[in-house]
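Below you'll find the structure, written out as structure tokens, and then a few comments.
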Amino acid sequence: MNRGLILKFENLVQLRGACRQLRTLSDRKVDRAQWKPVQSSAHPAWSALLYPQFWQKDKLIRIALLQHRHLATKEETKKKKKKIPLAKGEVEIRQKMTVEELAQAMGKDVDHIYEALLYTDVNLDSLEPDSILYEDHIKLIVKKSGMKYKSAKLKEEKERENTDAVKRPPADPAVLTPRPPVVTILGHVDHGKTTLLDSLRKTQVASMEAGGITQHIGAFLVHLPSGEKITFLDTPGHAAFSAMRARGTHVTDIVILVVAAEDGVMQQTIESIQHAKNAGVPLILAINKCDKPEADPERVKKELLAHDVVCEEFGGDVQAVNISALKGENLLVLAEATVALAEMLELKADSTGLVEGTVIESRKDKGKGPVTTAIIQRGTLRKGCVLVAGKTWAKVRFMFDENGKAVDTASPGIPVEIMGWKEVPSAGEEILEVESEQRAHEVVAWRTYVEQQERMKRDVEVIEAKQKEHRMEYKEKQQKLAHLTWRQRKAVLYKANKHLMFSRPKEKTEMDKNVLSVIVKGAVLFCFLLHWFCASEVLSLKHSSKLSLVIISCRLFYLSGVVFGFSVKANESIKQLAAKKGIKIKLHNIIYKLIEDLKDELNSRLPPSVVENTIGEASVLDIFSVTVGKNKIPVAGCRVQKGLLDKKMKFKLIRNGDVIWKGSLSSLKHHKDDVQVIKTGMDCGLSLNEYIEFNIGDEIICYEEREVQQTTSWDPGF
């Protein structure tokens, strides 16, 4: 056969195949204009010379085919890069997914999702491929499809570097120098603690304090005639300050336990002993008020044996000193006992390097700003030092001693008042010196971050528990409606909510007062957390106060003239518009602070609850009746067992544990005389403002009603 004819035939075959490929490519909507020419050397040069027209066509075809293969290779590479499925029959789900996303994750078409939703409360008429499905429905669809689900993990935040400040390693014993002992005065209220300190430091602290009772923790340096120094902490003795007493012992070397000789061991005495034991601090017993005739120091020592406080005369190691703080008797003996014990303890500290200490008390002074009283435990504090305590920091501007005199330095064991704090630190916080203000900012930022993370962790735990509880409730509801078709379910739900849709305007207004409609603007995780917070609040509030919280949309958070935002900003035009409308804008970057704000708003909307406070109780011992006009009135002869009966108050009649009447009295008499009040142990006759027959053994309760503001019961650990 002629070689030319053979080549023509080959070209025709190739042209036919190329046309088919081009048709396929056009169906796939591949833009030919974007194809890049790929140099082809498939045909020999002689074929181009013999058949130029066929060669040009063939060249274009082959270029197209090669380009198609190039695109196909790219598509195959993309497919290879796709995420490997979790496992056969396992679907990775998120909190919210569109119908189309769920279908792709399951490897099904959209119609399959619609079929699975036929028997649920989802309105299929309004469902589109881009409609959002929530977690409960997503899980239900996956289960109905005979597949398992696995929650997609949230994108983990990059781990931050720990920039906290910490204490220095223990100092070399060679650089340690003696320091004054830090002594705490503990004991029961009014046993003479403040009077003792007053006598020791020759000041009139007791006379300046309200009612002679210490109101705060103070630290003072006492100079003894021998030249020794003792730092005293004056902790409150009242029961309400037991936590402050416990805090004071953490920086204490020695505890002086003050017990009144005439009163003996009391409640706060026992608590003080326990605080000292928990802190591992040795005791010195100061038996005060020994100048009184009824004083019995020996009884005090014996009572203390029951609490493992054994004095030296009984074979123990606790020194006991009989004193009179008011008259100043034996105070020098007590001070010498303290110094002797301090020498045995060999109290020393490193006065070089960065400062370490503890906040004893803190307050905000009008003239000085945030001020703290601190005990220095290591290093020497000077003006200009940068300190960190808790989540605040200070550049020391001024320092004052216990007499208000300015000082330049403070060495270990010395109490000092510090000015220059940015915020008021909590009492008991550890003070650490850092190299610079920048370093202080880093430390505070890290501590704030750690606190937020811990709080978030606690919140998530609570949310997960609530989520599990709500899931169980949802399953129970589904089981009750499982035998119904989706149309029947829709009808049941319609009937259940019909009263809400067709309520009268007045009823609707009253209902709206107790409904908090919320729109949320913020991150996805925040919306999820707030949804669960609101769900948990609704459960508790509906049962207690008929106050509902409703999430409308996850875009903006509006509440009673207040707009909340999370991790968003408000521009000036929005702020101006809000100001015109009288709407406050509150923006938050920390979720728990926003939730606390929300709780405050909820609390302000909760109606007050009525609480009954019982004033008196009486029992019916006899019954009789009196005639007033033509009517016979039942009268109960009663005896007051507890409290009192006040005619002006409300009363209730209880029979066999059941309340059968509530109201007011028409008469209250004692020996035929009308009275207003009957006290405990007295007999009386009473009649009610309604015709109620009494039985012997009935109880009459006198009570008053008072309104108490309710609060939300949900608590994540803030």
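If you're matching positions, the sequence shown starts at 1 in the UniProt record's numbering and goes up one per residue.
Beta carbons are placed, not taken as given, at the ideal position from N, Cα and C, and that holds for glycine.
The model shown is predicted, which means the values in this text are computed figures rather than measured ones.
CB contact flag (residue i, residue j, <8 Å)
i           : j           : result
residue 412 : residue 376 : yes
residue 687 : residue 634 : yes
residue 696 : residue 640 : no
residue 626 : residue 636 : no
residue 387 : residue 253 : no
residue 398 : residue 422 : no
residue 287 : residue 261 : yes
residue 185 : residue 232 : yes
residue 349 : residue 176 : yes
residue 642 : residue 680 : yes
residue 325 : residue 196 : yes
residue 182 : residue 251 : yes
residue 662 : residue 652 : yes
residue 484 : residue 121 : no
residue 343 : residue 379 : no
residue 259 : residue 276 : no
residue 703 : residue 595 : no
residue 692 : residue 617 : no
residue 99  : residue 118 : no
Residue interval of the alpha helix (DSSP H) (run including residue i)
i           : result
residue 470 : 437-480
residue 111 : 110-116
residue 639 : Unbroken run through residue 639 is the beta strand (DSSP E), 631-646; no alpha helix (DSSP H).
residue 299 : 297-305
Residue span of the beta strand (DSSP E) that contains residue i, given as start and end
i           : result
residue 417 : 415-421
residue 134 : 132-134
residue 394 : 392-400
residue 99  : Per DSSP, residue 99 belongs to no beta strand (DSSP E); it is in the alpha helix (DSSP H), 99-106.
residue 565 : 562-566
As assigned by DSSP and simplified to three states, the class of residue i
i           : result
residue 314 : helix
residue 611 : strand
residue 704 : strand
residue 366 : coil
residue 338 : helix
residue 173 : helix
residue 151 : strand
residue 488 : helix
residue 269 : helix
residue 195 : helix
residue 178 : strand
residue 579 : helix
residue 623 : strand
residue 698 : coil
residue 679 : strand
residue 603 : helix
residue 584 : strand
residue 573 : helix
residue 230 : strand
residue 692 : coil
residue 82  : Reliability fails at residue 82, whose pLDDT of 45 lies under 50, so the model's placement of it is uncertain and no value is given.
residue 167 : coil
residue 325 : coil
residue 347 : coil
Neighbourhood of residue i by C-beta, 8 Å cutoff - its chain only, sequence neighbours within 5 removed
i           : result
residue 705 : 610, 611, 612, 613 and 650
residue 145 : 106, 108, 112 and 116
residue 312 : 318, 319 and 320
residue 608 : 707, 708, 709 and 710
residue 358 : 250, 251, 374, 375, 377, 428, 429, 430 and 431
residue 93  : 102, 105, 135, 138, 139, 142, 149, 150, 151 and 152
According to DSSP, residues forming a beta bridge with residue i
i           : result
residue 378 : 356
residue 123 : Note: residue 123 sits in no beta bridge, so no partner.
residue 650 : 703
residue 687 : 667
residue 673 : 670
residue 618 : 640 and 700
residue 260 : 288
Close beta carbons around residue i, own chain, < 6 Å, minus the five adjacent residues each side
i           : result
residue 683 : 639
residue 163 : 442 and 446
residue 362 : 372, 424, 425 and 427
Chain-order list of residues whose beta-carbon lies under 7 Å from that of residue i (same chain, five-residue window excluded)
i           : result
residue 468 : none
residue 168 : 353 and 354
residue 664 : 650, 651 and 689
residue 228 : 339
residue 81  : At residue 81, the pLDDT of 42 sits below 50, so the modelled position is not reliable; the number obtained from the coordinates is stated separately. Closer than 7 Å at Cβ, skipping near neighbours: no residue.
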